[in-house]
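Heads up: the protein sequence lines correspond to chains A and B, in order.
Using the numbering used here, the first residue of the first sequence is number 1, and each one after it goes up by one.
Using the numbering used here, the first residue of the second sequence is number 1, and each one after it goes up by one.
A short write-up of the structure that comes next.
There are 2 protein chains.
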Amino acid sequence: MKTLLLSKEEVGRLISMKEVIGAVEEAYKAFSGGQVEQPDYIGIHLPEPRGEIDFKVGYCKTNEIISMKASSGGFLDNPDAHGVPNGMGSVLLFDARSCALICVMDGSLLTGLRTGASGAVSVKALARKNAKKITCIGTGNQARMQIRAISLVMQIEEIHAWSRSPETRERFKADIEGEFGIPVILADSKQEAVEQADILITTTRGKGSLVEASWVKPGTHIVAIGTDMKGKQELDPEIFRHAKIVNDSISQCIDKGETWHPLNQKIIGLDDIHAELGEILLGRKPGRENDDEITIFDSTGMAIQDNTTAEKIYRNALENNVGTFFAFL
Amino acid sequence: MKTLLLSKEEVGRLISMKEVIGAVEEAYKAFSGGQVEQPDYIGIHLPEPRGEIDFKVGYCKTNEIISMKASSGGFLDNPDAHGVPNGMGSVLLFDARSCALICVMDGSLLTGLRTGASGAVSVKALARKNAKKITCIGTGNQARMQIRAISLVMQIEEIHAWSRSPETRERFKADIEGEFGIPVILADSKQEAVEQADILITTTRGKGSLVEASWVKPGTHIVAIGTDMKGKQELDPEIFRHAKIVNDSISQCIDKGETWHPLNQKIIGLDDIHAELGEILLGRKPGRENDDEITIFDSTGMAIQDNTTAEKIYRNALENNVGTFFAFL
């Protein structure tokens, strides 16, 4: 029995964002179709200036793969003190038919890729067909990933961007205009940026409302990425009152997603959550029904997205003879 | 950054049982000394005839290592259908200072080794100094491991053994007499075997009491290995009424160990649990205090035993230039 080893560099050239979008769609469908086991993750918090390492396990019955992703982040001293990035990742894949370890791959790129793809999947299902303008609140790596993925599913005409730091903003503009040729307009205020949006993407580490309800125009689709644990928040909970609310996982979003805030403030009840994105992809619930509704996709991130994306990387590696085999057994 | 890969064959020759005993002692001391984080494990149960795969994470502050062991078992069809064992294991070690992945090793041997060592550590702390005779209820692989480890910490003069299957019994006798030169007397009944014991070791998959209280003579030390999850049981709960009860982890043993049964039947209260084994090793609580008391060591197994044992294997590999380096990053 041999296990395939894949380095970060190999992972990077083994999958396209288009394939990640396909894998994440499969993940959502499998999840909402009851084909997924995804137990609570294990987290270990290290004392400052260290960060956290999480272990996330997912079992997908449709591909018969069990995945385990270990991912660390927030180790601020790492580059200087240890010569390694401040966050790293590793993924194990098991053939669920035998539980043989079939692959160990670097997982540094995986979370960024599958999270980027999640926004694009929601855009296909929930954004207006005539959407042209995207607003980014937050201009870090994940904002770039969102643009990379969404540009594959629609024609983006312009991007309005805001972030706290002028340097980050300027770098974002240069990078995006260079890579995609899409004009980026840097806004002086969040309000100015949000008012332009056909699609609003929030990817900050916000811990309080950044986007007020009165700024969001009818027909906007909101991709809420930043809030993936308790204590984080990006949106005014009032936005949820009349919006069509879609979750990646209802159980996760009501516990630690953006959806928790309006629930906690009794602005909405559980019945006001329209659907999981997978239910819409499976045709069990409608997506957008008119050009005026505000749709919100609350993405907390799921182990099963790692599972299907890593499986695709593994299959591509086998097909293209990339990687190194090692016999642990 | 490079990660060390170790195969099963390499792991097997990189560590002696004596070193495992030392590593498990360190684990118990670190655990009871408050130097360990060991979150609830993640378990995935596959449909029959498949088994289960568990993911156990442990962080040891004394060695600054975070370990993750994935171990599967009960895949009955594996040898015929997939050409692999019915249980396998993999271990990841992270340097907790940076969370860099420093080692991926086969974990097939680890659970057996560290569980075998646990009995020996308890024998040092709790068995009578003049103990000579061991009784094994259950004669599978783990019974062999127990003998292998205990033979390093005391002089075993004879072994009395019982198991349900005559074939297994006979094979155990032949193996143990061949490997250790210790005479093995196969008992016709459990009672006959138990009555001989200075040290009683139970390593079955029992789901009900196998050993009655009236059979256990004063001064016996009991190593209760088999009960590591809810629904399992090997001992008559009455044995606990007047015994000195020692747990590997009190929180685990009262939840899913042999100790749960007498607690559940109100034969004992929480205050009747004398100590964790680590507290005795740290000198915070006494071990055996006279030759008449019956001592029970309830071992449910802890991630931190995997941690310290795997770390020792890793250090030995580095020292002896064994293994293969791979650059994931």
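For every residue, glycine included, the Cβ atom is placed at its ideal position computed from N, Cα and C.
As the structure is a prediction and not an experimental result, all values here were calculated from the model.
Between residue i and chain B, is the shortest Cβ-Cβ distance under 7 angstroms, so that the two count as touching?
{"i": "A/Ala100", "result": "yes"}
{"i": "A/Lys8", "result": "yes"}
{"i": "A/Pro39", "result": "yes"}
{"i": "A/Asp106", "result": "yes"}
{"i": "A/Ile15", "result": "no"}
{"i": "A/Leu277", "result": "no"}
{"i": "A/Ser90", "result": "yes"}
{"i": "A/Val84", "result": "yes"}
{"i": "A/Leu113", "result": "no"}
{"i": "A/Phe325", "result": "no"}
{"i": "A/Leu4", "result": "no"}
{"i": "A/Phe172", "result": "no"}
{"i": "A/Met302", "result": "no"}
{"i": "A/Phe75", "result": "yes"}
{"i": "A/Ser72", "result": "yes"}
Using a Cβ-Cβ distance cut-off of 7 angstroms, determine whether residue i contacts chain A.
{"i": "B/Asp255", "result": "no"}
{"i": "B/Tyr314", "result": "no"}
{"i": "B/Tyr59", "result": "yes"}
{"i": "B/Asn321", "result": "no"}
{"i": "B/Asn78", "result": "yes"}
{"i": "B/Met229", "result": "no"}
{"i": "B/Ile159", "result": "no"}
{"i": "B/Ile53", "result": "yes"}
{"i": "B/Ile42", "result": "yes"}
{"i": "B/Phe240", "result": "no"}
{"i": "B/Ser67", "result": "no"}
{"i": "B/Leu329", "result": "yes"}
{"i": "B/Met1", "result": "yes"}
Below 8 angstroms on the Cβ atoms is my guess for residue i versus residue j; work out the distance and round it to an integer in Å.
{"i": "B/Ala117", "j": "B/Gly89", "result": "Not quite, the Cβ-Cβ distance comes to about 16 angstroms (not below 8 angstroms), so this is no contact."}
{"i": "A/Ile201", "j": "A/Thr135", "result": "7 angstroms"}
{"i": "B/Phe75", "j": "A/Cys99", "result": "6 angstroms"}
{"i": "B/Ile147", "j": "B/Ile176", "result": "6 angstroms"}
{"i": "B/Thr204", "j": "B/Gly138", "result": "4 angstroms"}
{"i": "B/Gly87", "j": "B/Ser72", "result": "5 angstroms"}
{"i": "B/Glu234", "j": "B/Lys217", "result": "Wrong, their Cβ atoms sit about 18 angstroms apart, outside the cutoff."}
{"i": "A/Asn247", "j": "A/Gly257", "result": "7 angstroms"}
{"i": "A/Glu311", "j": "A/Ile65", "result": "5 angstroms"}
{"i": "B/Leu4", "j": "B/Ala317", "result": "6 angstroms"}
{"i": "A/Glu25", "j": "A/Leu282", "result": "With a Cβ gap of about 10 angstroms, A/Glu25 and A/Leu282 do not count as contacting."}
If you compare alpha carbons, which of the options is closest to residue i?
{"i": "B/Asn63", "options": "B/Leu329, B/Gln252, B/Tyr314", "result": "B/Tyr314"}
{"i": "B/Gln142", "options": "B/Phe325, B/Val216, B/Glu37, B/Phe172", "result": "B/Phe172"}
{"i": "B/Leu93", "options": "B/Asn321, B/Asn320, B/Ile304, B/Glu319", "result": "B/Ile304"}
{"i": "B/Gln191", "options": "B/Trp215, B/Glu170, B/Thr168, B/Pro47", "result": "B/Trp215"}
{"i": "A/Pro49", "options": "B/Glu10, B/Ser189, B/Arg97, B/Val36", "result": "B/Arg97"}
{"i": "B/Ile250", "options": "B/Gly301, B/Lys207, B/Pro183, B/Asp236", "result": "B/Gly301"}
{"i": "A/Ser209", "options": "A/Phe180, A/Gly219, A/Phe240", "result": "A/Phe240"}
{"i": "B/Lys124", "options": "B/Ala149, B/Gly107, B/Met145", "result": "B/Ala149"}
{"i": "B/Ala193", "options": "B/Ser165, B/Val91, B/Met154, B/His160", "result": "B/His160"}
{"i": "B/Glu279", "options": "B/Phe31, B/Lys2, B/Met1", "result": "B/Phe31"}
{"i": "B/Met68", "options": "B/Met105, B/Ala213, B/Asn316", "result": "B/Met105"}
{"i": "B/Asp188", "options": "B/Ile182, B/Gly181, B/Glu170, B/Phe180", "result": "B/Glu170"}
{"i": "B/Lys285", "options": "B/Leu101, B/Met17, B/Gly33, B/Ala23", "result": "B/Gly33"}
{"i": "A/Gln35", "options": "B/Pro47, B/Asp80, B/Ile21", "result": "B/Pro47"}
{"i": "B/Glu9", "options": "B/Gly219, B/Val322, B/Glu37, B/Leu329", "result": "B/Val322"}
{"i": "B/Gly22", "options": "B/Tyr41, B/Gly231, B/Met145, B/Thr309", "result": "B/Thr309"}
{"i": "B/Cys60", "options": "B/Leu109, B/Pro39, B/Gly43", "result": "B/Pro39"}
{"i": "A/Ile254", "options": "A/Leu5, A/Met229, A/Glu25, A/Asp54", "result": "A/Met229"}
{"i": "A/Leu152", "options": "A/Gly283, A/Glu212, A/Asp80, A/Val121", "result": "A/Val121"}
{"i": "A/Tyr28", "options": "A/Val84, A/Asn307, A/Ile245", "result": "A/Asn307"}
{"i": "B/Glu238", "options": "B/Gln252, B/Gly269, B/Gly231", "result": "B/Gly269"}
{"i": "B/Gly181", "options": "B/Ser163, B/Gly206, B/Gln155", "result": "B/Gln155"}
With 7 angstroms set as the bound, which would you pick, yes or no: does the beta-carbon of residue i sit closer than that to a beta-carbon of chain E?
{"i": "A/Ser249", "result": "Protein chains A and B are contained in the structure displayed, whereas chain E is not."}
| said: As an exercise, report each continuous beta strand (DSSP E) stretch of at least 3 residues that is fully enclosed by the region 246–278 of chain A, in chain order. | reply: Unbroken beta strand (DSSP E) runs of no fewer than 3 residues, entirely contained in the region 246–278 of chain A, are found at 273–276, following chain order.
| query | Which runs of the beta strand (DSSP E) fall wholly inside the region 139–190 of chain A and span at least 3 residues, in chain order? | reply | As far as the region 139–190 of chain A is concerned, its whole beta strand (DSSP E) runs of at least 3 residues are 158–162, 184–186.
| said: Does the structure place the region 214–227 of chain B close enough to the region 190–200 of chain B that three or more beta carbon pairs sit under 8 angstroms? | reply: With the cut-off at 8 angstroms, the region 190–200 of chain B and the region 214–227 of chain B touch.
| request: Counting only runs of 3+ residues fully inside the region 59–106 of chain B, write out the beta strand (DSSP E) ranges in chain order. | output: The qualifying runs are 65–73, 89–95, 100–106.
| said: Three Cβ pairs or more, each shorter than 8 angstroms: is that satisfied between the region 274–289 of chain B and the region 290–304 of chain A? | reply: Of all C-beta pairs linking the region 274–289 of chain B to the region 290–304 of chain A, fewer than three are shorter than 8 angstroms, placing the two stretches out of contact.
| field | Stretch-stretch touch, CB-based, cutoff 8 angstroms, three pairs: the region 281–291 of chain B with the region 125–133 of chain B | value | The region 281–291 of chain B is in contact with the region 125–133 of chain B.
| message | As an exercise, report each continuous beta strand (DSSP E) stretch of at least 3 residues that is fully enclosed by the region 274–326 of chain B, in chain order. | response | Listed in chain order, the complete beta strand (DSSP E) runs (minimum 3 residues) inside the region 274–326 of chain B are 295–298, 324–326.
| message | To test your reading of the DSSP string, which unbroken beta strand (DSSP E) runs of 3 or more residues are found completely within the region 18–62 of chain B? | response | Those beta strand (DSSP E) runs which fall completely within the region 18–62 of chain B and span 3+ residues are 42–45, 52–60.
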